[in-house]
Amino acid sequence: MAEYLSRSEKKRIYKQVEQLAQEVADLSDKELKVFPGGPVINEEIRATRGLKGGSRNRQIKYLAKVLRQGPLEDIYLFVTNKKGSQLHAKNQFHVAERIRDTLINEAVELHQKCRSEQIPFEPDWDSPYIEAAIEEYPNLNESELRKIVYQYVTTRYKQHYRELFRVMKAAVEQKERLEKSE
């Protein structure tokens, strides 16, 4: 799903991947044998061993860069299962936040455009972001999603904002459970 990410949000994502790289860098040889990262990542992990101070920090930043080039979901799950890390839960939380914010930002822009052109803002607007969210998370109810976004944009009540987050978080978690069961 294409989504708008601010510069600050990109920095937060990079920092989160850097924390993942920090945890991955501490894996033992035994854990590396079953690590889902691949040979390039395994080699970078081995390169961090024996380093101290600034050189280790630089190597971890480079490892984070290498990690960002591929899918991170399997790596988050591996680290969570091996170390009891909270990084995977944080990642799900941030994904739900980003989708919520993307949907709301799109609707707010359209609402402002409708107000400036003096036309009514309807809950059935044409939204590529809602379609992409439904496609990625098939358990979402499109009418419920549109209703919550519409209610928030027109009233600005925080309860609608929180409700949209709960719906998105549940969708992200349910997609994860379905992928695990397959």
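Residue numbers (the working numbering): 1490 to 1671. C-beta: ideal position from N, C-alpha, C; glycine also.
| Query | Result |
| --- | --- |
| Environment of residue 1589 [buried if 16+ CB atoms lie within 10 Å] | buried |
| Option in 1494, 1502 and 1493 with minimal Cα separation from residue 1581 | 1502 |
| Under the three-state DSSP convention, the category residue 1645 falls into | coil |
| The segment 1593-1601 / the segment 1657-1668 touching (three or more Cβ pairs under 8 Å) | no |
| Any C-beta of chain B under 9 Å from that of residue 1498 | In the structure shown, chain B does not exist; there is a single protein chain. |
| Beta-carbon proximity of residue 1564 to residue 1525, cut-off 9 Å | yes |
| Straight-line gap, residue 1629 to residue 1562 (C-alpha atoms, nearest Å) | 21 Å |
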